[in-house]
Each structure stands twice: as C-alpha cells, then as structure tokens.
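Engineer:
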Amino acid sequence: MTLGVMAGLFLTSLLVIKWRHGNEGVKAGVHQTSTMLRRIAPMMVMGMIIAAMASVALPSEVINRWLGDESGMTGVLIGIAVGATVPAGPYVVIPLLGTLMANGAGVGPLAAFITAWSVIPISRSLVWEYPFLGAPFAISRYLVALAFPLIAGLLAPPVFTLFE
Amino acid sequence: MVLLTRIKRRIDPSLLSLLAILAIVVTIVFVLEGGDGIVEGLRGSWSLTKRALPITLLGMGLAGTLQVLAPPGVVGKYMGDDSGLLGLAIGMAAGLITPGGPYVMYPIGNALMASGAGIGPMAGYVSARNLVTVNRLVVWELPFLGWPFTLTRLIVSFWMPIATVILVPIVYRLLPHAIRDKAPSKVANE
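If you read the sequences in order, they're chains Z and Y.
So the numbering used here is basically just the index in the first sequence, starting at one, shifted up by 17.
So the numbering used here is basically just the index in the second sequence, starting at one, shifted up by 19.
1. Please tell me whether residue 117 of chain Y has its Cβ less than 8 Å away from any Cβ of chain Z.
2. Under 7 Å, CB to CB, which of the residues in the region 81 to 106 of chain Z have a partner in chain Y?
3. Residue 179 of chain Y to residue 52 of chain Y, Cα distance in whole Å?
4. Could you tell me which chain Z residues have their CB closer than 9 Å to the CB of residue 142 of chain Y, listed as they occur along the chain?
5. Against chain Z, does residue 64 of chain Y count as a neighbour if the rule is that its beta carbon must be under 8 Å from one of theirs?
6. For the alpha helix (DSSP H) that residue 119 of chain Z lies in, which residues bound it at each end?
7. Check each candidate in Y/168, Y/173, Y/162, Y/41 and name the one with the smallest Cα separation from residue 149 of chain Y.
8. Out of Z/36, Z/168, Z/80, Z/133, point me to the one whose CA is closest to residue 266 of chain Z's CA.
9. So, helix, strand or coil for residue 209 of chain Y, using DSSP?
10. For the 8 Å Cβ check, are there 3 or more pairs between the region 61 to 79 of chain Z and the region 33 to 48 of chain Y?
11. What residues in its chain sit with their C-beta under 6 Å from that of residue 111 of chain Y, if we drop five residues either side in the sequence?
12. Is residue 160 of chain Y helix, strand or coil by DSSP?
13. Does residue 59 of chain Z have its Cβ less than 8 Å from a Cβ in chain Y?
14. From what residue to what residue does the alpha helix (DSSP H) around residue 186 of chain Y run?
15. Run down chain Z in chain order and give the residues with a C-beta less than 7 Å from the C-beta of residue 121 of chain Y.
16. Between the Cα of residue 138 of chain Y and the Cα atoms of Y/167, Y/192, Y/176, Y/55, which residue gives the shortest distance?
17. If the cut is a Cβ gap below 8 Å, which residues of chain Z does residue 167 of chain Y touch?
18. Would you identify the three-state DSSP class for residue 165 of chain Y, choosing helix, strand or coil?
19. Since residue 79 of chain Z meets chain Y, which of its residues come closer than 8 Å, beta carbon to beta carbon?
20. Looking only at C-alpha atoms, which of Y/170, Y/64, Y/72, Y/113 sits nearest to residue 86 of chain Y?
21. I'd like the span of the alpha helix (DSSP H) that includes residue 156 of chain Z, first residue to last.
22. Among the candidates Z/111, Z/84, Z/148, whose CA atom is the shortest distance from the CA of residue 132 of chain Y?
23. Using 8 Å as the threshold, is the C-beta distance between residue 171 of chain Y and residue 99 of chain Z below it?
24. In the DSSP assignment, find the unbroken alpha helix (DSSP H) run with residue 125 of chain Y in it and report its ends.
25. Per DSSP, what kind of secondary structure is residue 130 of chain Z in: helix, strand or coil?
26. Between the Cα of residue 153 of chain Z and those of Y/187, Y/118, Y/54, spot the shortest distance and give me the residue it belongs to.
27. Considering just the uninterrupted stretch of the alpha helix (DSSP H) at residue 90 of chain Z, what are its terminal residues?
28. What is the DSSP secondary structure of residue 50 of chain Z, counted as helix, strand or coil?
29. With 16 other CB atoms within 10 Å as the buried threshold, where does residue 1 of chain Z fall?
30. Just the C-alpha distance for residue 58 of chain Y and residue 41 of chain Y, rounded to the nearest angstrom, thanks.
Structure representation (structure tokens):
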C-alpha cells in the first residue's frame with residue numbers, strides 16, 4: 018500500500034516536471050536523486066548492519082530491565098540520553114528502535130528516544146544546524162526543544178493504551 | 020588551503036562516525052557470540068535491507084523531483100519575518116515534505132534563510148522536518164514500528180512545532196547581542 022502511494026507520488030511529480038520544465042527538469046531531478054543516493058547508500062548499508070548486529074549483542078533481559086515498561090523515569094532518561102547522542106540517521110535509528118521494541122523496550126523510553134534524536138541531536142546540531150543556520154538560531158531552537166523529549170516520554174504510555 | 024578543504028569535503032563526518040559504531044558493534048557481537056553471532060547479524064541486516072530498499076529508493080526519487088518543483092530560493096521569499104501565519108504555515112509545510120537527511124534539509128534551510136526566511140518560519144521548518152516529516156513516517160516509522168506506536172508518537176508531538184514557532188523567536192530576541200550578530204553566511208548550495 019505504502020509502496021503504491023509512493024510510486025504514485027513519484028510518477029505524478031515526474032509528469033508535472035516533464036510538463037512544466039521539459040526534459041531539462043527531469044534531468045535535474047535525476048541528478049538531485051543520484052547525488053543523494055551516492056551519499057546515502059553506503060550509510061544505509063552500514064545502518065542496517067549496525068541495527069541487526071545490535072539486536073544480536075543486546076540480550077532481551079538487558080533491554081527489558083533498562084528500557085522496559087517497568088523502567089519508568091529511568092528508562093525515559095536513558096532513552097533521551099542515547100537519542101540525543103547517537104550520531105545516525107533514520108536508516109540506523111528506526112530499525113534499531115524496531116529491534117528494541119521487539120525485545121521488550123517500553124513505549125515511553127522509545128518515544129523519548131525518537132523525540133530526543135529528532136529535536137536535540139547533539140552531533141547533527143553541531144555538524145549541520147550550527148554551520149548552515151547560524152549559532153543564534155541553533156541555540157534558541159535547542160533551548161526551546163530541551164524539554165520536549167521528556168514530555169513525549171511521559172505522555173506516550175497513556176496515549177498508547179488507546180490503540181492497543 | 021584549497022586542497023585541505025577538498026579533503027575535508029571528501030570525508031563525510033557522519034560516514035566516519037557510522038564506521039566507528041559499526042566497528043564497535045561488530046567487535047561486541049564477535050566477543051559475545053563468536054562467528055555464529057556475526058552470521059546471524061548479517062542475515063538480519065539482509066532482511067532489514069530487503070524490507071526497506073524499494074521504498075527508500077522511491078523516497079529519494081521523490082526527494083529529487085520535489086527540489087526541482089519547489090526550489091527553496093523561491094519558497095523562502097514567502098517566509099519573511101512579517102509574513103505572519105502564512106509564512107509559518109509555508110515553513111511547516113516545507114518541513115513536512117522535505118525528504119532526505121541533514122545533507123538535504125540544512126542546505127535547503129540555508130537557501131531559505133538566504134532568500135529572506137524569518138526566525139519563526141525557519142523554526143517551523145526545522146521542527147516540522149525533524150518531528151513529523153511525511154517521508155520518514157512512511158518510509159521508516161510505519162514499517163518498522165507499526166501504526167499504534169507511530170500514531171502515539173504523532174499525538175504526543177504534533178504540538179511541538181507550534182510551540183517552537185512561538186517560543187524560538189522570543190528566546191532569539193533574549194539572546195545577548197554578541198551571539199545574535201553571528202548570522203550564518205550563505206553556504207554554497209550544491
């Protein structure tokens with residue numbers, strides 16, 4: 018289903034480009050994509066290997082104890098700390114969270130992890146946000162977002178029970 | 020100097036940090052589980068790759084075409100500080116549909132700023148892109164984490180971009196002048 022929707026969107030945007038910008042536009046789009054692909058492909062392969070290896074290395078008991086539903090505030094704080102420091106894109110983080118989830122990690126710690134990784138990523142902010150968008154913007158945005166992961170981690174478990 | 024910057028550009032910091040993590044994880048698996056653990060890990064990686072590859076390729080195709088259809092230099096003109104709610108909405112919408120990783124979104128953000136985007140709309144752009152981007156939801160979160168968790172995460176975070184666009188300009192104005200004067204220079208948008 019998802020695949021069909023994506024394919025439809027892709028074809029539609031190609032047609033619109035062809036119609037509005039002609040072959041030159043299509044060429045520019047293909048160039049953008051191939052630049053991106055060359056950059057991301059090696060990282061994607063490594064990401065998959067890291068996620069799968071981590072699921073072999075981390076026994077369920079350990080995950081349960083530190084990130085399980087019973088871990089409470091400790092689990093949420095661990096999720097935030099790891100989420101903010103892990104220097105990786107979705108191709109590592111989301112499969113990794115998937116394996117953590119399958120091995121007993123709770124909803125609160127996982128939501129805290131994914132939110133911290135999204136809004137207060139230490140390495141991405143230093144390497145990308147600060148040089149490209151400037152220190153004043155990066156600092157103000159970081160300060161505002163500091164509390165978000167904690168709120169997400171605490172709100173997620175009660176919300177999740179609605180969908181179980 | 021030119022040579023130095025060229026070398027710096029070649030070595031992608033995120034690639035390096037991934038290599039380091041990979042080396043550590045593989046070593047840990049080998050110590051704990053031996054060769055069998057490595058084989059099991061590789062088998063797991065193959066099944067993850069098979070699951071994600073088609074949709075990731077399509078996502079990147081879409082990313083390329085979107086950049087042709089809505090060039091950031093044009094969009095940024097409608098995101099000025101005095102653009103009000105419309106600018107905020109455009110900023111968040113641009114964030115929702117910006118695909119790719121940081122190497123796509125931050126150069127785009129820089130181009131948006133260079134063509135006049137204000138602090139509020141930029142805050143909306145960055146937080147919408149990082150929290151609720153459609154591409155990541157569809158390509159990664161739904162297939163790997165399932166819809167109950169994805170929906171939960173959306174519900175607990177939909178207010179965050181809104182809080183960001185209100186609070187970031189306020190905090191920005193409170194920053195000391197010494198910091199505030201360090202506006203970003205225009206970075207070449209490759």
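Note that beta-carbon positions come from the ideal geometry of N, C-alpha and C, so glycine has one too.
Structural biologist: By the coordinates alone:
1. no
2. 104, 105, 106
3. 42 Å
4. 154, 157, 158, 161
5. yes
6. 107 to 119
7. Y/173
8. Chain Z is shown from 18 up to 181; residue 266 of chain Z falls before or after that span and cannot be answered.
9. In this prediction, residue 209 of chain Y scores a pLDDT of 35, lower than 50, which makes its location untrustworthy; the coordinate-derived value is nonetheless stated afterwards. Coil, per DSSP.
10. yes
11. 143, 147, 180
12. helix
13. yes
14. 178 to 193
15. 141, 145
16. Y/192
17. 177, 180, 181
18. helix
19. Correct list: empty, because the minimum Cβ distance to chain Y is about 11 Å.
20. Y/113
21. 152 to 162
22. Z/148
23. no
24. 121 to 133
25. helix
26. Y/187
27. 89 to 102
28. helix
29. Residue 1 of chain Z lies beyond the residue range present for chain Z, which begins at 18 and ends at 181; the question has no answer from this structure.
30. 15 Å
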